[in-house]
Structure formats: structure tokens, C-alpha cells
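Chains as they are written, first to last, in UniProt numbering: chain P, 1 to 403; chain W, 1 to 403.
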């Protein structure tokens, strides 16, 4: 006996689950001796736990009751101060505090995606970004990505072939998940033009932008075209502070704010209030800048360590991207390892004690079976080397099986 | 220039906003000298703030990173212990931790409601419950309510007239919001039979069930029909502990759990982890029972105080319900006050320093214009009396205007 006769799988898609047979709890597990390249999260020792606990222990007015749906005013104020530092023109009536960046994506899709609507995404892209769009009935069109991000030049041809314009274009423009690529300024400008031509919303998901550890800055959509009516910016403190807090924000046209409030009311009423106060006070007391300078140095070191380890242990057997910030390397097997199917590598790798997500989990098409996403942010250089050694053991074992 | 050509108002409905011209932040305001009968929240002095702050200051493993989407295992364990105390048979594979009860409703609608589906709701009912269903395209059918809850006997006739069976039946069976009514056991059994006949999901939203301060218990759906495949139970710690924590749970058929995890992944990834640890530890250390005994005594006192004040100041000018638990009185103007339109009373009442929600906010039909929802949980007996005096002043002023 079941109450539904419509495809639940469509409303609650499980893209990662269709690729790898492993529960999130295993991947997130703190207790196993697994080198964790899988989840996109800072390591526990890079989160300001002591300071957080101190703030959490303090009384703040209204800490435990309902907050305003658009966010605690003191946090909105700090978000404005933070964006101002980045040269972004925005205002309180454009900011809505969200329960992590994920809720920002959920809100964008709730407002803009109707069943059958075309949504352009990057291939590969963040799995749960696709999942949210699919859950609202989107038809997803994956557009190619290169080292300068989404290949915007190819979009007109792809859209012409699709026979209709996209309702939304979902992009992770900076240190993209999973590739680490950053969309060039020229392409950002082109994308804005295309969005205007098609009347498409750009869902500008940028969780990593503040984690640039090398290279020159590339201006964001909100800097190139302040207050653009088609740019819906999704931001989060998950990657720059701690994902367990589930605090993010949306920077979107003023006309949308009441709709965002209405929609969020019917999702979770308001974002966890103590976490909003904690983040607001942490920012107000000036800790963020110090914290970011510290972690960015470590992330750079970890990225370099991972690339070094890959070179040492795999030689020409892998190619990897070289991101200037963020959390992820995108690795493709090559040479002697070219026949590795990463979906099949997942289980042996986990058995050998290293977790990383196979390429096909970042796509609806089954592509990228030669690729892996490796998060370098969670592990020390020593653990990274151990993880790469374990990955090599699993890959070698697999190659023997193939041979 | 707008990116959408479909009615946004439908996807992000604002039922309260269409009735009263006031922002949530005003109603939730801590700074005004307004007697707060509006929001359904415990008063700050009834939340165990000191103990919460103490727990929040402690380090717990994995406190700041991503948690499992279905919830922190230690909280699931405590939820199971709590339900066991109530004689409810359930198991970990039926429990999903949610970001407040609101997310439980969002999940239910995401899984079960397609555009055009019929959803039965109580008239009046919880505004955001309707809003969530509407946001997924439901056609809402409001069924009448009396002092024994939803008038289940009238459903077959209503459904026959609608010409199709409901996909879901949304009920708040215990100390209903806004009426305070409790669905009788006989009606619960009848409703289960109808749900089986129609293949409808019962969305069993019970935030107040643990707040019975008088009268004999009425068994819930999960006690009458353990593990029933059509019962989707939504629970929360918002009303028994503190709404700002945004922690609740869903108790639903095992077959749904993976779908709930998938859907929640695409909503907010996981519920705020520190709040889950706090609630788990608070329950594990046995504080909940002591806390509930304490607040229930006070809520009973406050309900009686509110009824006494209404009698003293309005005499036969109002009728009100007499709930055996929960937070709300439902008041209808009568006698000399029979012509009061509560939607028009909202603004003068706020001006006189008392906030309460007009009846039409709990319906899509504009009905209940003679009614008000009064929350007695937020204010001391003295403040309650002051609030009722202010309400009378506003009503008298309005009557003078009408006369």
C-alpha cells in the first residue's frame, strides 16, 4: 500500500547514491581511519572550535526563540560589512539569511523552476545543485567546462539544439565544485549577455570565492553588474567557517525578498538563531579575516601537497587541475591508469582506507567515469600523502583485475 | 525585467501577509512593549537558557562539520527513547531529524503533493502548513473543525462533492493550532479508515502533544495504528524546548527514509549539528521530563488566567475554547462585540500594545473574521491581563467607530 503513484525518485533524486553504494554517514564518519578526500568540508582542526564554543556559551537576546525569517538583523549587518569589503554593492533588502547555501539553491529553484523548464548546469557540477533543480521538475542540460569554467561560447549552439531558452543557468563560477576551475571575466560578461537575451536567471553559487590562496582575483557577477535583476547569488559560511552551522545567505533583487521570505517561511520558518548570533559576533569581533588568512595558507599547502603526492606516486598516470583556491582537485586517470573506471574504484578505495567521489556522481549523464573529485581541505599533507598511496594501491589492485 | 512568467505568488504564498499588514519582525520583536499573544512560542523565561548555554559551550565530536542527513545518531537515539516513553513503537529507520517541524511538512509535501492534487486541511489551520502545500501546487480543501477536532464525519460528503479523493489529509490532531481542539479517538480511527479507503497520506502534525496539562490522554495515530503505512508524523522540539533551535523529526514508514534523506539533501544537507547535539545531551541527561512538568504547570495557569481575564473584561462579548494543553485559545467575538472584524482589529490592537493573529490568517477562504488566535504561552498572568485590557480598548475604539 503506497500513497503515491508518481515517481518519487524524481522528486527526491539521489545522484550520488546511484553512483556509489555508500551512505553519507560512512563518508562523513569521524571514527574510521579513512583518509577523507570525499566531503567538501574543512578539517575539524581548521575550524575555530574553541572560539565558537565560547560564543555559543554566551547569552544573546532572542537566542532561543523564533527569529525574523529573513535573518537576524545583526547577521545581515555583518554580511553587508563583509560584502562591502569585497567591493560588492548590495543592501539589507537584497539579503536573506539561509540555512546553508543549499537552502539558497532550494529557494532559487522553488521560485524559478517549473516542471519541464530547462536549466543549464555545468558538466560536471555540484550534485545537490542538480538534485534540487530536478526535484522541481527541471530538464537539466549539461554544458561543458574547461580550465576557465563553463564554456559559455558553446551555450548558444547547445540552446539552439535544445529548441528553447533556459529558465535558469546554474553556475559555480569560482573554484568550481568539483573541478576547481574559475570562470574568466570575459566569460562572465558573455554569460550575463546571454542571460539577458534569454531572460534566464543566473544562479550564482559561490561558496569558495573567499578562499583564493593564489593568483589574481576575478570579479564576480555582483561586481561586474551590481544589482543585476537576473543574478541570484547564493553564499554560505559553510566553507569559510564551518558547515555544521548551516548558515548562508542569498543576495538577490529587492523585488524577490518578500517572495523569498514567504518561501522560506514554508521551508523552515527561520534559520537556527544561535548559529546566526554566533556567526554575527564572530564577524563583528573581526575574527573572520584572521581566520581566512590562516586557513588559506594551509589550503594552499595542502593543494600543493596533494599535487606533489599524485606526481610522486602516479607519475603520468593521472592529470589534475591546479585550482587557485577552494577545496577541490579534479583528477583524470591517464597513461597506464587510463582504463580505470572510477565508479568501480570507489569501493576498493574505501577498503584501502581512502574516500573520494567518482566523476559520474557530478553528472546526470554517466560521464566522467575516468575522473575523481579529491578534497584537499580536510587532511594534513602527511595524511594526504597516505591517502594518495592508498588510492594507488586500490588502483593497482583494480588494474591487476582488469589485466 | 523579470525571469519568471509563472505566478510566483503561488509558489511563495503569504497567507498571513495577505491578512495583516505587519512584518514578522514586528510581531517577533523583543524590544517593543507589546503583549505578545501572536507567535506560538514559549516565553524566554520558560526556555532553559542557562542549561542550553552550558551545553552549547561544550565540545562534542563532529559538532561543526556536516552531519548525517537523517540526523545525528545520538539524537535519533534520544528521540527513540522519548517515543518509547509515550508507548509509540518506532525505530531508527523510521526517524529523520528535520530543521524544525516546518521542514517535516515541507518534506511531506515534496514527496506527496503534485500540482493539482487535493489536500484536505482543517479550517482553520496552521498557516504555513497550507502555504507549504500550496507551494507544491495543491488544491486545498478546508474541512470544518469542532471542539473534538476535524469533523471527520463530514469528509466523505465533502470529498464526494470535490469529485476526487485527497492525496493527503493534513491534521494537527492535538491542541490544534489555532483552535486548541483535540481530535477524539473515535475520529482518529475513522480518519485512518478513510485514508485507507482513499489511499491518502495522513500528515500528522503534532507539535503540542507533550504539553497536556489537564484531562485524560487521547492516543495518537502512531499509538492506535503503529507503523501504519499512510501515517507521516511530523514532530518538533520547538514548542517543548525552544523554537530558535529548529530541531524536529519525522516518524514515517521505513520505505520512505531514503527518499526523505534524498529530499533533505537537496533542501539543507543536514540539520544544524550543534543544536542536534544540545538537544540530544539535554534529553540524555534527563532534563526534558523536569522541564515539561514545570512548563505545563505554568501553561495551565496562563490558560486559566487568559480565560479569567477574557471573562472579566469582555463578559459575554467573547467565547473562547478551553484547551487541555498546548499554546492557543481560539476566541470568537459575540454579543456587543459581534460586529468586530478581527482583520481590521489587528492594527488598532497593535497600536494599543497587544499582538494577536486574526482568524482569516488561518484559512484560504477569508472565513473566521470574527475570530482571533491568542497564544497564552508567552506571557505571565499579569501581562496576559494587561494584554486583554489592551485588546478590549482596541475593540471598544473600533465599536465606537462602527456605531
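Just so you know, even glycine gets a beta-carbon here, dropped at the ideal spot from N, CA and C. Here the structure is a predicted model, which is why all the values come from computation and not from measurement.
Where do the N-terminal and C-terminal ends of the beta strand (DSSP E) with residue i fall, by residue?
i	result
residue 194/P	Here residue 194/P belongs to no beta strand (DSSP E); instead the alpha helix (DSSP H) covers 185-198.
residue 140/P	139-146
residue 182/P	Segment: none, residue 182/P is in no beta strand (DSSP E) and carries neither H nor E.
residue 202/W	201-205
residue 123/P	118-123
residue 404/W	There is simply no residue 404/W to check, as chain W begins at 1 and stops at 403 in what is shown.
residue 346/P	No beta strand (DSSP E) holds residue 346/P; the alpha helix (DSSP H) holding it covers 342-351.
residue 372/P	371-375
residue 319/W	318-320
residue 221/W	Per DSSP, residue 221/W belongs to no beta strand (DSSP E); it is in the alpha helix (DSSP H), 221-224.
residue 236/W	231-236
residue 169/P	168-171
residue 133/W	Unbroken run through residue 133/W is the alpha helix (DSSP H), 127-135; no beta strand (DSSP E).
Can you say whether residue i is buried or exposed, counting buried as having 16 or more other CB atoms within 10 angstroms of its CB?
i	result
residue 401/W	exposed
residue 338/P	exposed
residue 226/P	exposed
residue 45/W	exposed
residue 128/W	buried
residue 180/W	buried
residue 146/P	exposed
residue 382/P	exposed
residue 359/W	buried
residue 268/W	buried
residue 272/W	buried
residue 294/P	exposed
residue 13/P	buried
residue 281/W	buried
residue 297/W	exposed
residue 48/P	buried
residue 142/W	buried
residue 342/P	buried
residue 59/W	exposed
Kindly list the residues whose CB is nearer than 6 Å to the CB of residue i, restricted to its own chain and excluding five residues on each side of it in sequence; keep chain order.
i	result
residue 327/P	40, 375, 377
residue 184/P	148
residue 104/W	98, 234, 248, 250
residue 79/P	95, 249
residue 215/W	324
residue 368/P	124, 359, 360
residue 317/P	335, 336, 337
residue 190/P	152
residue 11/W	135
residue 42/W	377
Return the first residue and the last residue of the alpha helix (DSSP H) that residue i is part of.
i	result
residue 400/W	381-402
residue 158/W	155-162
residue 329/W	No alpha helix (DSSP H) holds residue 329/W; the beta strand (DSSP E) holding it covers 328-333.
residue 19/W	15-19
Within the same chain, show all residues whose beta-carbon is closer than 8 Å to that of residue i, passing over the 5 residues directly before and after it, in chain order.
i	result
residue 394/W	345, 348, 349, 351, 352, 354
residue 101/W	205, 207, 234, 235, 236, 238, 248
residue 307/W	320, 322, 329
residue 407/P	Only positions 1 to 403 of chain P appear in this structure, which leaves residue 407/P out of reach.
residue 302/W	376, 377, 379, 380, 381, 384
residue 35/W	353, 354, 355, 379, 383, 384, 386, 387, 390
residue 199/P	165, 230
residue 126/P	172, 177, 178, 205, 362
Spatial neighbours of residue i within its chain, please: C-beta separation below 7 Å, excluding the five flanking residues on both sides.
i	result
residue 330/P	178, 179, 180, 320, 321, 371, 373
residue 6/P	Bear in mind that a pLDDT of 49 at residue 6/P, under 50, signals an unreliable position, so the number given afterwards is only what the model happens to contain. If we look at residue 6/P and ignore the five residues flanking it on each side, it has no Cβ neighbours.
residue 56/P	274, 278
residue 313/P	388, 389, 392
residue 92/P	76, 80
residue 254/P	93, 94
Under 6 Å: does the beta carbon of residue i sit that close to some heavy atom of the ligand ZN?
i	result
residue 366/P	In the structure shown, the ligand ZN is absent, as is every other ligand, since no ligand is present at all.
So, does the stretch 232-240 of chain P touch the stretch 260-267 of chain W, judging by three or more C-beta pairs under 8 Å? No: the two stretches stay apart, fewer than three of their Cβ pairs being nearer than 8 Å.
So, does the stretch 88-107 of chain P touch the stretch 61-78 of chain P, judging by three or more C-beta pairs under 8 Å? Touching, per the Cβ criterion.
In chain order, which beta strand (DSSP E) runs of at least 3 residues are fully inside the stretch 38-109 of chain W? For the stretch 38-109 of chain W, the full-length beta strand (DSSP E) segments reaching 3 residues or more read 95-98 along the chain.
Report yes or no: do the stretch 241-248 of chain W and the stretch 141-160 of chain W share at least 3 C-beta pairs separated by less than 8 Å? Taking 8 Å as the limit for Cβ pairs, the verdict is that the stretch 141-160 of chain W does not touch the stretch 241-248 of chain W.
Quick test of the definition: if touching needs 3 or more C-beta pairs under 8 Å, does the stretch 276-291 of chain W touch the stretch 110-125 of chain P? Verdict: no, contact absent.
What residue ranges within the stretch 241-298 of chain P form continuous beta strand (DSSP E) runs of no fewer than 3 residues, ordered along the chain? You should have 248-251.
Touching or not, the stretch 105-117 of chain P and the stretch 132-148 of chain P, by the rule of three or more beta carbon pairs under 8 Å? Counting Cβ pairs under 8 Å, three or more are found: they touch.
Using a Cβ distance threshold of 8 Å, determine whether the stretch 80-96 of chain W contacts the stretch 250-262 of chain P, with at least three qualifying pairs required. Verdict: no, contact absent.
Does the count of Cβ pairs from the stretch 362-371 of chain P and the stretch 383-397 of chain P closer than 8 Å reach three? The answer is no - the stretch 383-397 of chain P does not touch the stretch 362-371 of chain P, with fewer than three Cβ pairs under 8 Å.
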